[in-house]
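Read through the structure below, which is laid out as structure tokens, and then see the notes.
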Amino acid sequence: MATQLAEHRANPLTVIRQNLHAMAPEFRAALPAHVSVEKFTRVAQTAIQNQPDLANVDRKSLFGAIVRLAQDGLLPDGREAAIVKFGNQAQAMPMIAGILKKVRQSGEVAYISAHVVYANDRFKWTLGFDEHVEHEPAPLDQEPGEPVAAYAVAVLKDGSKLLEVMRKSDIEKVRNVSRSKGAGPWVAWWSEMARKTVMRRLSKRLPMSTDLDDAFERDETMVVEHAAAPAGEPVPMESRPASRLDALEHQIQSEPHDAETGEIIQEGAATEQTGETNNISLDAAIAEMKAGAN
Numbered sequence: 021m022a023t024q025l026a027e028h029r030a031n032p033l034t035v036i037r038q039n040l041h042a043m044a045p046e047f048r049a050a051l052p053a054h055v056s057v058e059k060f061t062r063v064a065q066t067a068i069q070n071q072p073d074l075a076n077v078d079r080k081s082l083f084g085a086i087v088r089l090a091q092d093g094l095l096p097d098g099r100e101a102a103i104v105k106f107g108n109q110a111q112a113m114p115m116i117a118g119i120l121k122k123v124r125q126s127g128e129v130a131y132i133s134a135h136v137v138y139a140n141d142r143f144k145w146t147l148g149f150d151e152h153v154e155h156e157p158a159p160l161d162q163e164p165g166e167p168v169a170a171y172a173v174a175v176l177k178d179g180s181k182l183l184e185v186m187r188k189s190d191i192e193k194v195r196n197v198s199r200s201k202g203a204g205p206w207v208a209w210w211s212e213m214a215r216k217t218v219m220r221r222l223s224k225r226l227p228m229s230t231d232l233d234d235a236f237e238r239d240e241t242m243v244v245e246h247a248a249a250p251a252g253e254p255v256p257m258e259s260r261p262a263s264r265l266d267a268l269e270h271q272i273q274s275e276p277h278d279a280e281t282g283e284i285i286q287e288g289a290a291t292e293q294t295g296e297t298n299n300i301s302l303d304a305a306i307a308e309m310k311a312g313a314n
């Protein structure tokens with residue numbers, strides 16, 4: 021046993037891979053039917069292998085981020101979603117492609133997109149009964165310039181058109197109340213965060229806004245500080261009622277684990293070390309979650 025622990029400590033990726041496979045039941049409970057546990061686990065493992073720094077973050081935050089993406093049915097493949105390092109923590113970051121995927125899967129939207137407008141683009145925003153935008157990007161042989169705005173448009177199946185435009189100053193107001201305003205995604209992925217910000221505002225008017233709002237709520241990169249969140253902007257995640265699936269995620273994060281390696285300790289081993297077992301049944305938690313949804 022001591023030899024195995026020594027090997028695990030020397031190879032954190034091995035520990036993470038084993039933990040991911042051990043968490044298959046939790047992933048199965050969280051994932052939608054169209055995403056297989058095997059595929060999700062494989063993509064998550066590849067994402068961590070491609071970002072070696074993730075092996076050194078707090079393990080509970082890493083597995084928590086992966087569970088949040090499972091809840092939203094998004095693969096951490098760098099297109100639908102990503103796992104990003106912020107300090108010593110891992111954060112789940114749905115990408116705009118993943119958000120648009122969730123919208124399209126609802127069956128209520130015929131067309132949807134979100135874009136950033138740059139200084140050298142030609143952009144016209146017309147208000148009135150026929151509110152619309154005309155956006156012509158800068159020529160490919162010309163620098164686009166600094167971002168000046170972002171917008172999201174949607175056409176519903178009934179022909180209704182929805183439009184949301186935000187100036188850069190409006191986007192920066194949202195950024196300034198974010199916990200990660202000075203580092204992480206807002207610095208490395210500004211355009212992605214701008215598109216998500218305007219899409220979140222548009223999502224309030226979409227037929228599936230509740231489902232999307234849940235996804236945004238679990239997006240740690242969009243969490244705002246408790247103080248000074250402007251009216252109409254996202255409220256702190258902690259101030260909202262926790263869903264049963266979020267409670268299940270908390271249970272997953274609370275699994276007994278090796279403090280140094282993050283390795284999940286099997287129930288029997290945990291009993292030997294602590295003298296007690298986890299009294300919360302995964303099946304009971306799922307049953308309670310389903311009962312509350314009815």
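Position 36 of the sequence shown, counting from 1, maps to 56 under our numbering, and the rest follow consecutively. Each residue gets a CB set at the ideal place from its N, CA and C atoms; glycine is no exception.
Selection from the options that minimises the alpha carbon distance to residue i
i      : options                           : result
Ala110 : Val197, Val137, Leu74 and Leu89   : Leu74
Gly84  : Tyr171, Glu154, Trp210 and Ile36  : Ile36
Ala44  : Glu58, Val173, Ala169 and Ser211  : Glu58
Val87  : Asp178, Lys144, Pro167 and His41  : His41
Val175 : Ile132, Trp209 and Pro159         : Ile132
Ser180 : Lys121, Trp210 and Phe149         : Phe149
Arg195 : Arg124, Glu212, Ile103 and Val104 : Glu212
Gln125 : Val185, Pro167, His54 and Val168  : His54
Pro205 : Asp161, Val104, Leu182 and Gln162 : Val104
Glu97  : Lys201, Thr66, Val185 and Arg187  : With the sequence shown as reference, residue 97 is identified as Asp, and Glu is not the correct amino acid for it. Comparing Cα-Cα distances from Asp97 to each of Lys201, Thr66, Val185 and Arg187, the minimum goes to Thr66.
Glu184 : Gln69, Glu163 and Leu222          : Leu222
Ala112 : Lys121, Gly127 and Ile68          : Ile68
Met186 : Leu120, Lys121 and Val168         : Val168
Glu128 : Leu182, Asn31 and Ile116          : Leu182
Beta-bridge pairing of residue i - partner residues as DSSP gives them
i      : result
Gln162 : DSSP, once it has assigned bridges, lists no residue as partnering Gln162.
Arg187 : Ala169
Arg142 : Glu156
Lys105 : Ala110
His54  : Its beta-bridge partners do not exist; DSSP assigns none.
Val175 : Tyr131 and Lys181
Close Cβ partners of residue i (< 6 Å) along its chain, the five nearest in sequence each way excluded
i      : result
Gly165 : Tyr138, Ala139 and Asn140
Thr146 : His152
Phe143 : Val137 and His155
Thr61  : Leu40
Arg220 : Phe236
Gly118 : Leu94, Glu100 and Ala101
Pro157 : Asp141
Gln38  : none
Ala172 : Ala134, Glu184, Val218, Met219 and Leu222
Residues near residue i in its chain [Cβ-Cβ closer than 7 Å; skip 5 each side]
i      : result
Asn108 : Val77 and Asp78
Ile191 : Ala170, Ala214 and Thr217
Pro320 : Residue 320 lies beyond the range of the chain shown here (21 to 314); nothing can be said about it.
Ala130 : Val175, Leu176 and Lys177
Burial state of residue i, where buried means 16 or more other Cβ atoms lie within 10 Å
i      : result
Leu33  : exposed
Lys224 : exposed
Leu89  : buried
Pro52  : exposed
Ala203 : exposed
Glu46  : buried
Val63  : buried
Leu226 : buried
Ala134 : buried
Pro16  : Only positions 21 to 314 of the chain appear in the structure, and residue 16 is not among them; the question remains open.
Ser198 : buried
Ser81  : buried
Val123 : buried
Ser189 : exposed
Pro72  : exposed
Val207 : exposed
Ile284 : At Ile284 the pLDDT is 49, less than 50, meaning the model places this residue with poor confidence; the figure from the coordinates comes in the next sentence. So Ile284 ends up on the buried side.
is_contact[residue i, chain C] using C-beta, thresh 8 Å
i     : result
Gly98 : Considering every chain present, this structure includes no chain C. It has just one protein chain.
Same chain only: Cβ atoms within 8 Å of residue i, ignoring 5 sequence neighbours per side
i      : result
Asn299 : Because Asn299 carries a pLDDT of 36, less than 50, the predicted location of this residue cannot be relied on, and the following value inherits that uncertainty. The answer is none, since no qualifying residue turns up.
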